[in-house]
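Per this note's numbering, the sequence shown starts with residue 40, numbered consecutively. Report on one structure; see the data block that follows.
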Amino acid sequence: MQAFIYVGMILIIAGVFLLPAVRAAIAKSRQTVGYLFVAPALVFLLLFVAYPIIYNVFLSFKDVDITNINYPANQQGVGFANYKSLFTSSDGQMLGSIKNTLVFTVGSIFFQFTIGFLLALLFVWFKWYVAGAVVFVLIASAELVFCSDLSVPALPLLLVSCIVLPCYDSFNTFIRYVWVVPVFLIAFFYNLIVFREKMKIGRTFFGQLAVTVALMLGGTGFIAREDLLSPMSLFYVLSLGVGMVLIYLLLKSRFSRFNVYGIFGRIAPAMYLVGILSCVIILLYTVRDNPADPVFFDRVLRNLLYEEFRASNNLSTMLMLAMPFPVWYALKQHPVHISVCFIFFFAIVTSGSRAGILLGGVELVLCFLFWLRYCGEISKKVGSFLGPILILLGLISLNWFVTEHGDFGIVHDGEFRMEAIKIAIREFREHPVFGIGLRNHALDEIYQPKKGALCWFHMYFPQIFATMGLAGFFAYLIQLLLRATLIFRRKKGPVRSTLGLSYIGLFLMSQLNPGEFCPFPYALMAVAIFVMLEQLEETERQARLLAPEWGENV
Numbered sequence: 040m041q042a043f044i045y046v047g048m049i050l051i052i053a054g055v056f057l058l059p060a061v062r063a064a065i066a067k068s069r070q071t072v073g074y075l076f077v078a079p080a081l082v083f084l085l086l087f088v089a090y091p092i093i094y095n096v097f098l099s100f101k102d103v104d105i106t107n108i109n110y111p112a113n114q115q116g117v118g119f120a121n122y123k124s125l126f127t128s129s130d131g132q133m134l135g136s137i138k139n140t141l142v143f144t145v146g147s148i149f150f151q152f153t154i155g156f157l158l159a160l161l162f163v164w165f166k167w168y169v170a171g172a173v174v175f176v177l178i179a180s181a182e183l184v185f186c187s188d189l190s191v192p193a194l195p196l197l198l199v200s201c202i203v204l205p206c207y208d209s210f211n212t213f214i215r216y217v218w219v220v221p222v223f224l225i226a227f228f229y230n231l232i233v234f235r236e237k238m239k240i241g242r243t244f245f246g247q248l249a250v251t252v253a254l255m256l257g258g259t260g261f262i263a264r265e266d267l268l269s270p271m272s273l274f275y276v277l278s279l280g281v282g283m284v285l286i287y288l289l290l291k292s293r294f295s296r297f298n299v300y301g302i303f304g305r306i307a308p309a310m311y312l313v314g315i316l317s318c319v320i321i322l323l324y325t326v327r328d329n330p331a332d333p334v335f336f337d338r339v340l341r342n343l344l345y346e347e348f349r350a351s352n353n354l355s356t357m358l359m360l361a362m363p364f365p366v367w368y369a370l371k372q373h374p375v376h377i378s379v380c381f382i383f384f385f386a387i388v389t390s391g392s393r394a395g396i397l398l399g400g401v402e403l404v405l406c407f408l409f410w411l412r413y414c415g416e417i418s419k420k421v422g423s424f425l426g427p428i429l430i431l432l433g434l435i436s437l438n439w440f441v442t443e444h445g446d447f448g449i450v451h452d453g454e455f456r457m458e459a460i461k462i463a464i465r466e467f468r469e470h471p472v473f474g475i476g477l478r479n480h481a482l483d484e485i486y487q488p489k490k491g492a493l494c495w496f497h498m499y500f501p502q503i504f505a506t507m508g509l510a511g512f513f514a515y516l517i518q519l520l521l522r523a524t525l526i527f528r529r530k531k532g533p534v535r536s537t538l539g540l541s542y543i544g545l546f547l548m549s550q551l552n553p554g555e556f557c558p559f560p561y562a563l564m565a566v567a568i569f570v571m572l573e574q575l576e577e578t579e580r581q582a583r584l585l586a587p588e589w590g591e592n593v
């Protein structure tokens, strides 16, 4: 009888609080269906979750044990004595439990981010690039064995991608550590089998599938058999095509198990740290490893004019991928994080990447507009005043630099990319349907790739037209259109804008660099971004069933 009384009280109280909501639902017909669907679940939660919790709180103020739990008349009120004994008992179990929980929670976060980042700095400082890559691959492998959430090993894998970038033309060095690859693959497939989930697909899957078909057909009727079956050709065709399809299916099935905002909460700090690490690598090269000029500005100028820093374009790509994430932190934590975007751009300038300066400047403006869109009124007023001034000063400085230091052209007559464009047009005219394939020798006359790499056109659209023809053009067009529908929506929100701008940064750099045609990390990161955007869209759709006005502030 007592239980029914408590249940009745809970239902009455819930009814009082829900009455306005019920009236609003009736007034708004589009909400009515949602509340009707939720009603059975709400009743279930009230009976089997809310009632036990309230009843246990009620019992906590009484002297209850196994002998009198069914006899309320024998239960004496003791006030807060039970709570006092929890913290003052001689065995100290409660305090020990709290301590263990804090140590585990804080320790795991501290080790994963702070210790991981400091370890990466150590490897970079002493130029132990290969050792750092091996260590972080092994850490990621261990996390794959013990954790089903694939966003957890994101940080060590991103740190690997960043650490190895200064290792230009190091195929012979890395091939000695090829034994790490089977270890990682074993952990990967172990994770795939033990934590298997039902496969799911979203809209961008079909774009990736179209690209896979175009890659497989690239060079049909032209490319020689030995080139088609060469290890490098098979690696790039399969990893960019079939490999990305499998990665999509895996990420889609796993990410659907977890809250997309929780996944983003692990990816965001990882990308932030990767951006900072990229800045450190550029600074160390400019200050310590480039002693030809005593003045810092002269060293930056040397990087820019002579392109001596071979990792500049790749590090700039990583910085452009990371640039939007400080904006998200500026919106959610403190506006000071917006200054990190300018630090990232300054690092791009320091690296000497001309493509990075041009396209990174575009992304910097987009990030600034993103911040203005969602920041508070005071920040918006200050930013609206200072933003145009800073952008104007930047354009004046760039114009001065171009004027004072001669040819700054990224694509000009006689330059590699201009010659590559001419070759791409020629090959497309001769092989318009399927192109000449990824593994071709069309650029041998102007460029010899390093060992273990293909001869890239270093430009997104010429690469597609020359190597895959019209089949590749339509396949990548489908992929771009499907991805664009996820980025450019009427109601975006900070999370969607952050992910979208991150991909836009990668896409921009792909116009003047291999970019997305590098399977790891760039193509993989693009797939992961759009899987998260798909999950975000599904979450928003489900939330709008309950609250149609929901959406812009998440």
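A virtual CB, placed ideally from N, CA and C, is assigned to each residue, including glycine.
Inset, instruction - Compare the C-alpha of residue 250 against each of 582, 573, 579, 566 and name the closest. - result: With distances taken between Cα atoms, residue 250 lies closest to 566.
Inset, instruction - Determine which residues share a DSSP beta bridge with residue 115 and list them. - result: Answer by DSSP bridge pairing, in chain order: 102.
Legend entry - Beta-carbon spacing of residue 500, residue 550 below 9 Å: Yes. Within cutoff.
Legend entry - Proximity winner among 379, 476, 102, relative to residue 264 (alpha-carbon distances): 476
Legend entry - Buried or exposed by the 16-neighbour rule on C-beta atoms within 10 Å, applied to residue 258: Buried, because 16 or more other Cβ atoms sit within 10 Å of the Cβ of residue 258.
Inset, instruction - Please list, in chain order, all residues of the same chain as residue 198 whose beta carbon is under 6 Å from its beta carbon, the five residues on each side excluded. - result: 159, 175
Inset, instruction - Could you have a look at residue 123 and say whether DSSP puts it in helix, strand or coil? - result: helix
Inset, instruction - For the alpha helix (DSSP H) holding residue 469, just list the boundary residues, first then last. - result: 455 to 469
Inset, instruction - Specify the secondary structure class of residue 574 as computed by DSSP and reduced to three states. - result: helix
Legend entry - Every unbroken alpha helix (DSSP H) within the region 209 to 287, with a cutoff of 4 residues, ordered by chain: 210 to 213, 219 to 233, 242 to 256, 264 to 267, 270 to 277
Inset, instruction - Use the C-beta contact count for residue 387: other C-beta atoms within 10 angstroms, 16 or more gives buried, fewer gives exposed. - result: buried
Inset, instruction - Assign residue 522 to one of three DSSP states: helix, strand, or coil. - result: helix
Inset, instruction - Return yes when the Cβ of residue 294 is within less than 9 Å of the Cβ of residue 574, no when it is not. - result: yes
Inset, instruction - Starting from the C-beta of residue 287, find all residues in its chain whose C-beta is less than 7 Å away, skip the five residues before and the five after it, and write them out in chain order. - result: 244, 247, 566, 570
Inset, instruction - Note down the Cα distance separating residue 183 from residue 120, rounded to an integer number of angstroms. - result: 46 Å
Inset, instruction - State yes or no: is the C-beta of residue 189 within less than 9 Å of the C-beta of residue 230? - result: yes
Inset, instruction - State the start and end residues of the unbroken alpha helix (DSSP H) segment that holds residue 479. - result: Where residue 479 is concerned, there is no enclosing alpha helix (DSSP H), given that its DSSP letter is neither H nor E.
Legend entry - residue 392 - DSSP class collapsed to helix/strand/coil: coil
Inset, instruction - Specify the secondary structure class of residue 497 as computed by DSSP and reduced to three states. - result: Of the three classes helix, strand and coil, the one that applies to residue 497 here is coil, per DSSP.
Inset, instruction - Could you spell out where the alpha helix (DSSP H) holding residue 355 opens and where it closes? - result: 351 to 361
Inset, instruction - Can you have a look at residue 216 and say buried or exposed, based on whether 16 or more other CB atoms are within 10 angstroms of its CB? - result: exposed
Inset, instruction - Tell me, to the nearest whole angstrom, how far the beta carbon of residue 547 is from that of residue 402; I am working on the premise that it is less than 8 Å. - result: 6 Å
Inset, instruction - Report the three-state DSSP secondary structure of residue 536 (helix, strand or coil). - result: Residue state, collapsed to three classes: helix.
Inset, instruction - Using three-state DSSP, classify residue 294 as helix, strand or coil. - result: Reduced to three states, the DSSP call for residue 294 is helix.
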